Each structure stands twice: as structure tokens, then as C-alpha cells.
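Below is one structure, written out as C-alpha cells, with a few remarks after it.
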Ligand SMILES: [Cu+2]
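Numbering (my numbering), first residue to last: 8 to 255.
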């Protein structure tokens, strides 16, 4: 056999296998990229605050934005996990959306209709209203700076990570529980805003510049793992979500 021909053939094979390997590599990178992109896509429906007029606050004329959400004892009622409640229909959830979009430098009034029962907090701090206008909220129309730590169903706790690049924003509002009878059925409330099925909590806060924040519940409503911070408390979009503060 001619040695030079043999060398030429194996050189050609080497190029072919190098090209095949290159295509394989590109395919792997493409598949990984596609998968990561799909997994990291925002699965949470957005709720946009609607601006209606302005309000004078501390000598500043601010846009007045309004947003209304609910807190439900199960994911079906929350409407934020599809008509059948998604993968965990029995989990409590905020709804109908869990990604809140708020205008920057605005006076935001948030109304929460809350329908769940509850127990006591791990930490009494979260029974206080923090970061709102006058550090109060109204509970079925009555203003208060806190509720009993034993009578909480969930909390709305908005915060960000410590950062140099965006304004701080922290709001904590405890949500009073609906009392249940000894069979576990909720006792009707005196709140017409929820057809006597829950409580209405209203509070206002002022946003700074644009930024990305999160909110979560600090009432340990999960399963037994991690001091009741497992299950629903460890999953996104039920007892936690995003808050985008946007310009424009
Ligand atoms: Cu909760």
C-alpha cells in the first residue's frame, strides 16, 4: 500500500470527525441554552398597577397607582395557577397574578382581599405594619399599626436585596386570619368587601426609582420541613413573587 495515500485518507477522516464533533458541540450548547432559557422564563402572570390621578404627599405631587390582589386558601380559587389550580391545587396562593408591576416614584395603594385561616407567626415582628404611609393599614376599614401575632393568615412582605444601584423598598403587612369553627369551616366575617368570606386590607406606600424587588409571605404556611417553610413556602408564585418598579 502507498503510505502517502493512507496518510491522506486518515487525514480526511480526521477532518470529518472534527467537523462532526464540532456540530455535536454546537448542538449540545444549543440544547442547553434553549433549556435554560425555557426554565428561566417568567412563569408568573403580571399584574400592573393602574394610575388614576395624583396625590400630594410630603409636599410632592405623586402619581397615585392602585393594585388589587387576593390571598386564597387554595390555588384553584387564586386563579393564578390555571383553572384546575396547577400542580398543587391544595396549596394556598396569592392571585390572580404574582408578579406586580408598579410605577416608579408613585404613591401605590394596595388592596388585598384575604380568605385563608391561619395560626401564629414564628416572629412577632411580621405582625407589625412596616414601611407604609403612617406605618398603618386598614383592616376591614379600621386603621391599625399591627395585628395579633396569633391571628395571622399570611403576610405581604416586599423587599429587595441590599444593593447600591436601586432605591430601598420594604413593606410588611400582616393579613388577619379568617377564624374557623371546630370542624375547620371558616366562620363568616363582617367584611362586605369579601362577601363576608374574608378580610380587606388596604395600605399605601411610596416607590423610589426603577428596580427589581420580590415579595413573599413570612407566615410559615408550608409543610413541616424547615419550620413550616417547606412546600408552598419554598415554591415560587404561591407565597412569593416579583415586584418590578418601572419608569414611564
Ligand atoms: Cu403564607
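We put the CB at the ideal spot given by N, CA and C, even for glycine. Given the structure is predicted, the values throughout are model-derived calculations rather than measurements.
Of all the options 226, 33, 167, 94, which has the alpha carbon lying nearest to the alpha carbon of residue 126?
-> 226
Say yes only if the C-beta of residue 161 is nearer than 7 angstroms to one or more non-hydrogen atoms of ligand 1, and no if none qualify.
-> yes
For residue 85 versus residue 103, is the C-beta spacing smaller than 8 angstroms?
-> yes
Just to check, is the beta-carbon of residue 226 closer than 7 angstroms to a non-hydrogen atom of ligand 1?
-> yes
State buried or exposed for residue 172, treating a residue as buried only when at least 16 other CB atoms are found within 10 Å of its CB.
-> exposed
From 82, 214, 77, residue whose alpha carbon lies closest to that of residue 64 | 214
Cβ separation of residue 183 and residue 160, assumed to be a contact under 8 angstroms, to the nearest whole Å = 7 angstroms
Touching by the beta-carbon criterion (3+ pairs, under 8 angstroms), the stretch 21-39 and the stretch 78-95 | no
Short Cβ contact (8 angstroms threshold) for residue 68 with residue 61 = yes
Runs of alpha helix (DSSP H) wholly within the stretch 41-118 (minimum 4 residues, chain order) | 82-85
C-beta atoms of residue 211 and residue 132 nearer than 8 angstroms = no
What residue from 97, 143, 94 has the CA that sits closest to residue 116's CA?
-> 143
Starting from residue 248, trace the beta strand (DSSP E) both ways and give me its first and last residue.
-> 247-253
Residue 206, enclosing beta strand (DSSP E) - first and last residue | 206-213
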